[in-house]
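Numbering (this note's numbering), first residue to last: 63 to 194. Idealized CB from N, CA, C, for every residue including glycine. Beneath this line is the structure, given in structure tokens, with notes to follow.
Okay, here's the thing in structure tokens:
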């Protein structure tokens with residue numbers, strides 16, 4: 063399972079592209095997903111709930127966050143063992159160096175409110191963190 067990044071944009075929607083590959087992977091895995099694959103989707107997989115977003119890469123309209131909030135809250139209420147939100151761009155204020163990027167701050171808050179872990183990847187700088 064993965065969220066699209068800026069390097070995948072050119073071939074994301076192409077025949078045989080990343081969206082098609084991710085769709086096959088989801089079907090083969092048996093994950094139960096709603097929404098557009100890789101762009102704004104919420105999946106459950108053996109008690110593991112994850113939101114995969116194309117926020118700040120392909121966009122993620124605000125009405126989808128309200129919908130995702132409801133699904134994540136329902137999953138939390140049903141006792142989901144793990145909840146993860148994933149998108150490519152990381153909020154600048156959460157990076158370890160000064161950055162002007164402000165990507166995904168609102169999305170981070172949506173996920174934080176329901177107790178989900180957030181996984182991003184654009185910064186290419188990885189380290190352990192203490193509670194923020």
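{"Check": "Residue 170 in three-state terms, based on DSSP", "Outcome": "helix"}
{"Check": "N-terminal and C-terminal residue of the alpha helix (DSSP H) that residue 82 is part of", "Outcome": "80-91"}
{"Check": "Check whether residue 65 and residue 127 have beta carbons under 8 Å apart", "Outcome": "no"}
{"Check": "Secondary structure of residue 129, DSSP reduced to three states", "Outcome": "helix"}
{"Check": "Residue 176, DSSP secondary structure in three states", "Outcome": "coil"}
{"Check": "Run of the beta strand (DSSP E) containing residue 107, from where it starts to where it stops", "Outcome": "102-107"}
{"Check": "Beta-carbon proximity check, residue 119 vs residue 179, cutoff 8 Å", "Outcome": "no"}
{"Check": "Residue(s) in a DSSP beta bridge with residue 96", "Outcome": "104"}
{"Check": "Backbone CA spacing between residue 195 and residue 113 [nearest angstrom]", "Outcome": "Nothing in the structure corresponds to residue 195, since the chain is present only between 63 and 194."}
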